[in-house]
Amino acid sequence: SPAMTISAKDSSDQDLNTGLTTNDLYINLIFTSSESTTNFDDTDISVSGGSLSEFGPASGSGGPSTTVYTAKLTPTGSGTAVTRATSVSVSGNTFTDAAGNNNSTSNQFNWTYDGIVPTITGNSLAADNSTISVTFSEAVYNTSSGSGSLETTDFTLSSSGGNASLSSSTPSSISASGNTYTLGISLS
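Start counting at 1 in the sequence shown, then tack on 679, and there's your number in our numbering.
Structure representation (structure tokens):
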């Protein structure tokens, strides 16, 4: 019996593992059957939290594929200030191979769209002005793919009032604890 495997690429055409959260407005799904099929279509696909569009066989040098299909998944209600969990699967017995054998149930592909922009929810200056702690509303990263720790160069410091001056607008150090980053301040 044919087996269907679901994988995905983000809107920048990078591989996307199941279970990840991104801020892509859509992702591209790839449905790969272990055997040729002529009757697999979008009605065989179960979608929760989103909708499919642009479904069809993948193009190849020999014409349309009979084992690889693609579709665009767009989360329901996408936009700013929205987080939406989606899941996609293919139930068993929804399409067949050339011999008429029913397919087995696919893997479930899960993706969460996060359109909520992180915000600074608090800050605290040390009594001796040596550090400032900055707290974000959620985990933050220095890449759009949701990875990479923040670095001192991700911040710019400025001061107003008082008698001290900054030696540099870039923090001298950085440390993290959860969503709170403590930045070192060099004064001259």
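Don't be surprised by glycine CBs; every beta carbon is placed ideally from N, CA and C. This one's a predicted model, so the numbers in the text were calculated from it and none came from an experiment.
Exposed or buried, residue i, counting other C-beta atoms within 10 Å across all chains shown (16 or more means buried)?
i, result
"isoleucine 706", "buried"
"leucine 708", "buried"
"proline 797", "exposed"
"leucine 663", "Residue 663 cannot be examined here, being either before or after the span of the chain that is shown, 680 to 867."
"glycine 729", "buried"
"alanine 778", "exposed"
"valine 769", "buried"
"aspartate 720", "exposed"
"asparagine 718", "exposed"
"proline 681", "buried"
"leucine 704", "exposed"
Can you tell me where the beta strand (DSSP E) holding residue i begins and where it ends?
i, result
"isoleucine 811", "810-815"
"leucine 862", "859-863"
"serine 686", "683-688"
Could you give the distance in angstroms between the alpha-carbon of residue i and the alpha-carbon of residue j?
i, j, result
"threonine 755", "leucine 829", "31 Å"
"aspartate 807", "lysine 688", "49 Å"
"isoleucine 795", "threonine 765", "16 Å"
"phenylalanine 815", "serine 809", "20 Å"
"serine 838", "glutamate 817", "26 Å"
"phenylalanine 710", "isoleucine 864", "52 Å"
"glycine 857", "asparagine 702", "21 Å"
"threonine 775", "phenylalanine 734", "18 Å"
"serine 783", "isoleucine 799", "47 Å"
"serine 851", "serine 844", "14 Å"
"threonine 835", "threonine 822", "17 Å"
"valine 726", "tyrosine 748", "16 Å"
In the DSSP output, which residue or residues are listed as bridge partners for residue i?
i, result
"alanine 855", "Tyr860"
"aspartate 694", "Lys688"
"leucine 845", "Leu866"
"leucine 699", "Trp790"
Inset, instruction - With a floor of 3 residues, list each beta strand (DSSP E) that falls wholly inside the segment 701-755, ordered by position along the chain. - result: Runs found: 706-712, 724-727, 729-739 and 742-754.
Legend entry - Continuous beta strand (DSSP E) assignments of at least 3 residues falling wholly in the segment 762-806: Inside the segment 762-806, DSSP marks whole beta strand (DSSP E) runs of 3 or more residues at positions 762-769, 788-793 and 799-804, from first to last along the chain.
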